[in-house]
Amino acid sequence: MGLADLHIHTVYSYDGTASISAVLKYAADYAALDVIAITDHDSIEGVNEALELAPSYGIEVIPGSEVSTADGHLLALFIDRPIPAGLPLYETVMRIGELGGICVAAHPTARGTSSLRFEKIHEVLQKPEIRKFLVGVEAFNGGLVYTRSNPLVELQARLLPLAQVGNSDAHVIQAIGQGATEFAGRTAADLRLALETGATKVRKGHGLDGWAVLRRYIPYYLMRKLGWVVYNPHPRATFTYARLSQVRGYQQSLVA
Ligand SMILES: [Zn+2]
Ligand SMILES: [Zn+2]
Numbered sequence: 003m004g005l006a007d008l009h010i011h012t013v014y015s016y017d018g019t020a021s022i023s024a025v026l027k028y029a030a031d032y033a034a035l036d037v038i039a040i041t042d043h044d045s046i047e048g049v050n051e052a053l054e055l056a057p058s059y060g061i062e063v064i065p066g067s068e069v070s071t072a073d074g075h076l077l078a079l080f081i082d083r084p085i086p087a088g089l090p091l092y093e094t095v096m097r098i099g100e101l102g103g104i105c106v107a108a109h110p111t112a113r114g115t116s117s118l119r120f121e122k123i124h125e126v127l128q129k130p131e132i133r134k135f136l137v138g139v140e141a142f143n144g145g146l147v148y149t150r151s152n153p154l155v156e157l158q159a160r161l162l163p164l165a166q167v168g169n170s171d172a173h174v175i176q177a178i179g180q181g182a183t184e185f186a187g188r189t190a191a192d193l194r195l196a197l198e199t200g201a202t203k204v205r206k207g208h209g210l211d212g213w214a215v216l217r218r219y220i221p222y223y224l225m226r227k228l229g230w231v232v233y234n235p236h237p238r239a240t241f242t243y244a245r246l247s248q249v250r251g252y253q254q255s256l257v258a
């Protein structure tokens, strides 16, 4: 059985606090994940760095982004080009499909952020062409401030003909894996098959309340505003802090 977290933010999101290397280190060594997706807001800027570094951390990375559609947030997975923000859900899903990708509806109905309504998801799924590409729904999101105690989301997600996905929506490394998805096999290809056949299973995190999430997040967010982010200089090293300006654009391969 493999374990994946398909919703993780890095410094390439305006509200992310961890470098790519820190995310990989925590995901592999502390959260024991086999596969992660890097899903920064409307950006694939960090994806190449993640793909390059992942083998030295012993983890597999799916290139992705969290797309701000006109109808709410949507996770695009297995894409190699950015997806424009602001398009309706239907157009966004079709574009992702044209790039060979698949999608997961992120935190449906969550307050405090732009979220898809279940009615909208049901509506687009009426079109058979959409079903090939919109394959999953976040039945559990471990990083939300507002809805983590809302069992209605889980019930409504089960009514959709989609793979049930658990994700962390991590903006700090300690949240990675607090919400994950179990699948048969170990690789990103195995996971994709499980998503496309509705064979995934949600693994919930420890269910912190909104205030606990914020309390962990605020110090890191303030550090980021001051120009410092969590960094890992080497797979066998521990975590440290680095200047954001030095981390961004960091492309040096640790494998070479
Ligand atoms: Zn979101
Ligand atoms: Zn997110």
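Sequential numbering from 3 applies to the sequence shown in this note's numbering. Every residue gets a Cβ at the ideal spot worked out from N, C-alpha and C, and that includes glycine.
key: Closest Cα partner of SER151 within the set THR111, SER247 and PHE241   = Selection THR111, SER247 and PHE241 evaluated against SER151 yields THR111 as nearest (Cα-Cα).
Neighbouring residues (CB closer than 5 Å to any heavy atom of ligand 2) = Look at which beta carbons fall closer than 5 Å to any heavy atom of ligand 2; those residues are GLU68 and ASP171.
message = Check whether chain C comes within 9 Å of TYR59, counting only Cβ atoms and requiring the distance to be less than that.
response = Of the protein chains in this structure there is only one, and it is not chain C.
request  = Within 10 angstroms of the Cβ of HIS109, are there 16 or more other Cβ atoms? Answer buried if so, exposed if not.
outcome  = Buried is the call here.
key: Contacting residues, own chain, Cβ-Cβ under 6 Å from ARG250 (five flanking each side not counted)   = Answer for ARG250: no residue qualifies.
key: Distance, HIS124 Cα to PRO237 Cα   = C-alpha separation (whole angstroms): 43 Å.
key: In DSSP terms, what HIS173 is bridged to   = DSSP, once it has assigned bridges, lists no residue as partnering HIS173.
ask   = With distances taken from CA atoms, which of LEU161, PRO163 and VAL174 is nearest GLY144?
value = Of all alpha-carbon atoms in LEU161, PRO163 and VAL174, the one lying nearest the alpha-carbon of GLY144 is that of VAL174.
key: Residues near GLN176 in its chain [Cβ-Cβ closer than 7 Å; skip 5 each side]   = So the list reads ARG218, once near-sequence residues are dropped.
query = Which residues in the same chain as ALA201 place their Cβ atom closer than 8 Å to its Cβ, once the five residues preceding and following it in sequence are excluded?
reply = Here the set comprises ALA165, PHE185, ALA186 and LEU195.
task = Between the Cα of ASP17 and those of LEU154, THR115, THR149 and TRP213, spot the shortest distance and give me the residue it belongs to.
result = When each option's Cα is compared against that of ASP17, the closest is THR115.
Distance cut-off 8 Å: SER21 Cβ against heavy atoms of ligand 1 = No, the beta carbon of SER21 sits no closer than 8 Å to any heavy atom of ligand 1.
key: ILE220, DSSP secondary structure in three states   = In this structure, ILE220 counts as helix in the three-state DSSP scheme.
ask   = Can you list the alpha helix (DSSP H) stretches of 4 or more residues lying completely in the segment 142 to 207, in chain order?
value = Listed in chain order, they are 153 to 160 and 190 to 198.
Reference LYS206; option with closest CA among LEU26, GLY181 and ALA39 = Ranking LEU26, GLY181 and ALA39 by Cα distance to LYS206 puts GLY181 first.
key: Nearest-angstrom Cα separation, counted from ILE10 out to LEU2   = In the structure displayed, the chain extends from 3 to 258; residue 2 sits before or after that span and is not available.
query = Any idea if ALA244 is buried or exposed, counting beta-carbon neighbours within 10 angstroms, 16 or more meaning buried?
reply = When all chains shown are included, ALA244 counts as buried.
ask   = At which residues does the beta strand (DSSP E) containing GLU47 begin and terminate?
value = Per DSSP, GLU47 belongs to no beta strand (DSSP E) and is neither H nor E.
query = Enumerated in chain order, which unbroken segments of the beta strand (DSSP E) with a length of 3 residues or greater are wholly contained in the segment 48 to 72?
reply = 62 to 71, all fully within the segment 48 to 72.
key: Beta-bridge partners of ILE38, as assigned by DSSP   = The partner list for ILE38 (beta bridge, DSSP) reads ASP7 and VAL63.
message = When you compare the segment 66 to 76 with the segment 219 to 233, are there three or more beta-carbon pairs, one atom per stretch, that lie closer than 8 Å?
response = Contact fails: fewer than three Cβ-Cβ distances are below 8 Å.
query = Counting Cβ pairs closer than 8 Å, one from the segment 130 to 145 and one from the segment 34 to 46, do we hit at least three?
reply = In short, these stretches do not touch, since the Cβ pair count stays below three.
request  = With distances taken Cα to Cα, identify the nearest neighbour of PRO90 among ASP82, VAL69, ASN169 and LEU161.
outcome  = Selected option, being the one with the closest Cα: VAL69.
ask   = Among the residues of its own chain, which have a CB less than 7 Å from the CB of GLY99, if the five just before and after it don't count?
value = Result list for GLY99: LYS134 and PHE135, in chain order.
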